[in-house]
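Just so you know, the protein sequences line up as chains A, B and C, in that order.
Each residue of the first sequence is one higher than the one before, counting from 177 in our numbering.
Each residue of the second sequence is one higher than the one before, counting from 8 in our numbering.
Each residue of the third sequence is one higher than the one before, counting from 122 in our numbering.
Where is the CB? At the ideal position from N, CA and C, for every residue including glycine.
It should be emphasised that the depicted structure is a prediction, and the values quoted were computed from it without experimental measurement.
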Amino acid sequence: MRPFTYQRVSSPAEAAAAAAQMPGAKFIAGGTNLLDLMKLQIEAPAHLIDVNAIGLDRIEKTDEGGLRIGALVRNTDLAAHKKVREDYAMLSRALLAGASGQLRNKATTAGNLLQRTRCPYFYDTNQPCNKRQPGSGCAAIGGYTRQLAVVGVSDACIATHPSDMAVAMRALDATVETVKPNGSSRRIPIADFHRLPGNTPHIDTNLQAGELITAVTLPKPIGGKQYYRKVRDRASYAFALVSIAAVIQRDGSGRVAVGGIAHKPWRVETAEAELPRGAKAVAARLLAGARPTEDNGFKIPLVERTLGAVLSEARA
Amino acid sequence: MKFDTPAGANPIDRMKVVGKPTDRIDGKLKTTGTAPYAYERHDVVPNQAYGYVLGSAIAKGRINRFDLAEAKAAPGVLAIVTTLDMPRLKRGQQNIAYLFGGAAIQHYHQAIAIVVAETFEQARAATALIRVDYARERGRFDLATEAKTAPLFGGSSGEGSSAPPIERVGNFEGAFEAAPVKVDSVYTTPDETHAMMEPHATIAAWEGEKLTLWTSNQMIAWSKGDVAINLGISPKNVRLDSPFIGGGFGGKLFVRSDAVLAAIGAKAAKRPVKLALSRPIIANNTTHRPATIQRIRIGANRDGKITAIAHESTSGNLPDGKPETAVSQTKLLYAGENRLIAMRLAEMDLPEGNAMRAPGEAPGMMALEVAMDEAAEQLGIDPVEFRIRNDTQFDPEDPKRRFSQRQLVECLRQGATRFGWSRRNPKPAQIRDGRWLVGMGVAAGFRNNLLMKSAARVRLDGRGIVTVETDMTDIGTGTYTILAQTAAEMMGLPIERVVVKLGDSDFPVSAGSGGQWGANNSTAGVYAACVKLREQVAQRLGLTGDVDFTDGQVRAGGRSVALADAARGGELVAEDTIEYGDLDKTQQQSTFAAHFVEAAVDAFTGEIRVRRMLAVCAAGRILNPKAARSQVIGAMTMGVGAALMEELAVDKRFGFFVNHDLATYEVPVHADIPYQEVIFLDEVDPMSSPMKAKGVGELGLCGVGGAIANAVHNATGIRVRNYPITLDKLLDRLPEIA
Amino acid sequence: MEPPSELELSRRAVLVGGAASVAVTAVPAAHAQVTPRVAQPAVAKVSFEVNGATRSLELDTRTTLLDALREHLKLNGTKKGCDQGQCGACTVIVDGRRINSCLSLAVMHEGDKITTVEGLGTPDKLHPMQAAFIKHDGYQCGYCTPGQICSAVAVLDEIKAGIPSHVADDITARPRVTDMEVRERMSGNLCRCGAYSNIAEAISEVAGSKA
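In structure tokens:
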């Protein structure tokens, strides 16, 4: 870990100002991913801005009847929130399927969105990785890829986004609210928040330098039966091989987002029209153009079968 | 004490303390965080500096040069020693890979430098500033490729499992050809890592020529000797101290780079140095259980009698390495007149393959017990019954050698009853519980019992406290407690009156912890020392004839004296070694178990979850049923990992284990482990030692994986022969989804 | 087949890995002639309460809470198993919640109340959870044990506080102390010795006596 200076700030404005003053600084909240990466020098900020004391830790109703989740709301608190459990059950379930109790107590809503890939070649600094060191190559392609992406991949990167929460938020059409270093704010639909790797896999999101997430808003509840089905080798405390966030309405319509298969939470709205025709039809549309490897080709049938499990439960 | 005739009646038979499910005497230390592990010993020597180890970025080749300019200039740095600063260190007797020195790189994450700094943060940061210029060479990293040309190769695990390159009894090929029922299957088991929770860690301090290592090591005497060889110093000048070990599973049987580099770093920095291997380098820097490719052939008559059995296994290792002895148990477990076993060893450039809990049998039984299930299925005979029909009470290769005790049939019968085996549907894929396909599986468990000489010293002081000293280690096995129980039984004291001190190389040399030999041999060593102490006590008290030690009193000829009185005039000290004759040659000493598993497989996703597990064990006298049960459930848990998730993924291009941390190398978590039950059959084995005990810590692992695989087959009808059995290997054969 | 030459090898590495010097920790030798530019560590003060006592430290900002406890306060009960948030051995309770102390900077805990295993009980005065672990043999090597115990204490509080878990059938229902709930919630604490069943029994005993 490289040396860094450290500063606590007490408001979003102060955070933005600090970021403007110190290019190359990073915000730290829960720190559960950032510190891990700093130990390996995959992240090496010269300055840390501790944003834990800037408020933003509340969950409020929005005027539209949805929820505004403060950026610093801990994963545990978000999952346990009464309104979330009642109206956005898939989000509660997604959060609880992720990480461990200890990590959820620390990890924040914004930090969860910003966690970086768990590709083992990204984590091994001896290996070339375009995400870690642009232009160095991708050791994962042609290597051990069981956990890695099958859709939306590029020749530069086949990493997956590890978040469970983000998959549910994608299905729920969440919006990310931010403040930039110049003090202006903006709203980014979750669909536009994470990026596909393309030729710039080192850029995970569309946030600008020094831009701070202040909240994530959820539209008003959409009802339906909500699921978050996470498939993994061991029963807990593991990243998804495949996960499915789904809401199924009484008429058979619904929404589906998939985790564990792409560089971002994967949702293809047009595929959802196929829901009445069953899992195979939806999966075919969702995974059109997939480029699996020998190791991770199983994710294609696994998405279909996991969705089948969800639909079968929804019908029951 | 020489143990060369079967044990007769002795004070242990009273079983007043021994054999009781006593809470661990070190439990209060472990549960309050006050048990000192290697890295934490702030108190043993002042002025400790921090070391950090850099691992090689290539798997094979050479180092041309280091650039240390930035690292040396980094704040807090006291010393940097690179592998080019010294010739290649001599290998210890137990090492396969070289631990340090010289330009040659044998494997990924091989230690190539140590940085010593004032703080951990400084040492870590400075290590990252070292620039290395490598010359890469081509390596051999794919076992399947190398197996094609691997020569026959015999060897021993060093833990009671061994086989010659090839061995034949009768005419295997002819009998197999003639058998009406045949199984001929190939199984693979992957490389596995020990993943003990405590990283390899050492504090090293020099005092002139004398080196002390506070370290985490299972085998103190071996490692003292090997450190001396590695560093080219006299063993007299080496002391190891390892009172608590945060898990080893074979990974800490030997000296690893942490100990050697702490010593080298301490010399260079002229300060005591503490270091722990960072988690991401452990899997590649240290040792692992090597992958195997196993072919098993079983030929049987229609009545279910095996007429021909062959087990061949290929594994890989570095040059001068040894094979994974996966065929060993097949020499002894089942009857059959025509037999063949063979091992092949491929020279490879992956990290050192070496012992991991039950080396040989653990992967061997994962294959053999599935082959047995396949044979039973073909025969249409219940797999419990099939194993019973092929039981043997003597060594099938040498019918003159009987087993000292062999209750495999009893284990199977009792287990079947207890587990509700009769409810199993022999036809696979028939039982549905909601979305789950449910099945049951069985496997035998088998592991040899090893006799190793073991010494101890016992002291009696004027307060009537007995202190046991031996270089034996407690790696979680409950050794502190069973040694205390042994001394208490022998001296007629409550266990509270016994103090046990372990893990110091200044103490008498014990059997150490490995190969499930620790409990029987180390307690027998304490037994021997206590016999001597009893003689001294009797002499001091002037008691003759039949002297009885009970309730803190010593009685003979109508006199009764407090034990403590014997030491009033000064401490009594006795030391002895248990040494063995040839009882383990004249009869075969082994431990047996039956493993039963119920598993459920998600019909949609193929996720496998174990629901119930039962092990019935016959392993001699159980010295402490609570600690022994823990050994067995722990082994069963490791068996779940081996069967369902554990696999070091090899990058066959660059030659390393890719998933080298605890997130990507998955071991079972709480949620994976269901209700576990363990039954110990009544057994005393007078051939094993005066304790009449045998090992149990590895028995609990051997066979578990096979039972799980068989349960998955019973649940789904799918036979997976490549471990681990992950859902991707089931998906294409699960029921169609709507 | 002849093994490829060095040149071919590195060429192959380019093709395979897409990088010129695939396995080189980087930086060709020429690069290193740049003048060393090494940042000095930053130091910061922090005060927090550990097991009821206020502790003030001046630390390299890089110091994790775990290393502050182990190396600076000599509270060795909290263990370092992975230093990456992947094993749970470093679990402590901060302001009533369990966290991985390895993934938290010490300087971020100004004013916090930290409980480590040493604060739960001592050999002479065991916490009920510590006593239950001994009774049920909920450990073997003992290295994960302090983390398991801190986690176990916090798990029972979490259930009491109504925090749901992944295995809830009804996510809106109040959770209860069941075997599955305990095993799921404890899954962030690895135990390679495999004492899980015994740990679950210890926890359920403490939960039962609390109820």
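When DSSP assignments are scanned along the segment 38-111 of chain B, the uninterrupted stretches of alpha helix (DSSP H) that are 4 or more residues long and fall wholly within it turn out to be 76-80. Contact between B:Gly-510 and B:Thr-480 holds: CB atoms are separated by about 5 Å, below the 8 Å threshold.
Between B:Asp-198 and B:Leu-655, the beta carbon gap of about 4 Å places them in contact (Cβ cut-off 8 Å).
Taking a Cβ-Cβ cut-off of 7 Å, C:Glu-170 has no neighbours in chain A, whose nearest Cβ is about 17 Å from it. Taking 7 Å as the cut-off between beta carbons, none of the residues of the segment 335-362 of chain B comes near chain A.
Listed in chain order, the non-local C-beta contacts of C:Arg-176 below 8 Å within the same chain comprise Ser-168, Phe-169, Glu-170 and Leu-194, local neighbours out to five positions each way being set aside. Its Cα nearest to that of B:Leu-457, the residue B:Leu-590 stands out among B:Gly-328, B:Ala-383 and B:Leu-590. Between the C-alpha atoms of B:Phe-401 and B:Ile-227 there is a straight-line separation of about 36 Å. Contact of A:Ala-414 with chain B by beta-carbon distance below 7 Å involves Glu-673.
For B:Asn-71, the number of other beta carbons within 10 angstroms of its own is below 16, and it is reported as exposed.
Shortest Cα-Cα distance from A:Gln-384 to any of A:Leu-372, A:Val-392, A:Ser-360 and A:Ala-367 involves A:Ser-360. The DSSP assignment places 368-386 as complete runs of the alpha helix (DSSP H) inside the segment 367-391 of chain B, in order along the chain (cut-off: 4 residues). Judged by DSSP secondary structure, B:Pro-158 falls outside any alpha helix (DSSP H); it is assigned neither H nor E.
Contact of B:Met-22 with chain A by beta-carbon distance below 8 Å is absent, the smallest such distance being about 40 Å. Closer than 8 Å to the CB of A:Met-177 there is at least one CB belonging to chain C. Within the same chain, Cβ atoms closer than 7 Å to the Cβ of B:Ala-235 are found at Ser-241, Pro-242 and Val-245, the five residues on either side in sequence being excluded. At a cut-off of 8 Å, the C-beta of C:Thr-199 has a neighbouring C-beta in chain B. A:Cys-305 is bridged by DSSP to A:Cys-314.
Put simply, of C:Val-228, C:Ser-325 and C:Leu-241 the residue whose alpha carbon is nearest the alpha carbon of B:Lys-35 is C:Leu-241. If you draw a straight line from the Cα of C:Leu-187 to the Cα of A:Val-434, it is about 36 Å long. In the three-state scheme derived from DSSP, where H, G and I count as helix and E and B as strand, B:Thr-612 is classed as coil. The continuous stretches of beta strand (DSSP E) do not include B:Glu-216, and DSSP gives it neither H nor E. If you draw a 10 Å sphere on the C-beta of A:Ile-379, you find fewer than 16 other C-beta atoms in it, and that means exposed. For C:Thr-199, the closest alpha carbon among the candidates B:Val-391, B:Ala-333, B:Asp-389 and B:Gly-253 is that of B:Gly-253. The straight-line gap separating the alpha-carbon atoms of B:Glu-344 and B:Arg-396 is approximately 14 Å. For C:Ser-222, the three-state secondary structure derived from DSSP is helix. Judged by DSSP in its simplified three-state form, B:Cys-624 adopts strand. In this structure the segment 393-401 of chain A does not touch the segment 296-307 of chain A; the number of beta carbon pairs closer than 8 Å is below three.
For B:Thr-294, no CB of chain C lies under 8 Å from its own CB, so it is not counted at the interface with that chain.
Residue-level contact check: B:Asn-666 touches chain A, since one or more beta carbons of chain A fall below 8 Å from its beta carbon.
For C:Gly-232, no chain B residue has a Cβ inside 8 Å of its Cβ, as the nearest lies near 23 Å away. When DSSP states are grouped into helix, strand and coil, C:Asn-319 belongs to the helix group. Beta bridge pairing from DSSP links B:Ala-142 with B:Arg-69. The alpha helix (DSSP H) runs lying completely inside the segment 530-618 of chain B and spanning 4 residues or more are 590-593, given in chain order.
Looking only at A:Arg-261, A:Gly-319 and A:Pro-338, the smallest Cα-Cα distance to C:Pro-296 is reached by A:Arg-261. Between the alpha carbons of B:Ala-535 and B:Asp-11 lies a gap of roughly 13 Å.
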